[in-house]
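FYI, the numbering for the sequence shown is 780 to 847, going by this note's numbering. Where a beta carbon is used, it is the ideal one built from N, C-alpha and C, also for glycine.
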Amino acid sequence: MATAKELKELSADDLKRRAAELRETLFQDQLKRATGSLDNPSERTQHKRDLARILTVLGDKSRAEKKA
């Protein structure tokens, strides 16, 4: 995934779309984990971190809009 610096260059709509995709991926990972078919558990951790990074940038953008 992208770094926070790269994510800051994206629009809020793009970030929201990426967050939704990652939430869906995390849901699929959770189902795979429950059935025992999750191949690489570290991917789930990476997806969670990517989602957190995106949500942080979205929060920063929304706070910046409120100040302006």
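- Go ahead and pull the three-state DSSP assignment for Glu800. helix
- Message: Can you give me the C-alpha to C-alpha distance between Ile833 and His826, rounded to a whole angstrom?
- Response: 11 Å
- Item | Proximity to Arg796 [Cα-Cα], best of Thr824, Leu837 and Lys845 | Leu837
- Member of Ser790, Ala783 and Glu785 whose CA lies at the smallest distance from the CA of Ser841: Ser790
- Give, in chain order, every unbroken run of the beta strand (DSSP E) that is at least 3 residues long and sits entirely within the stretch 807–841. none
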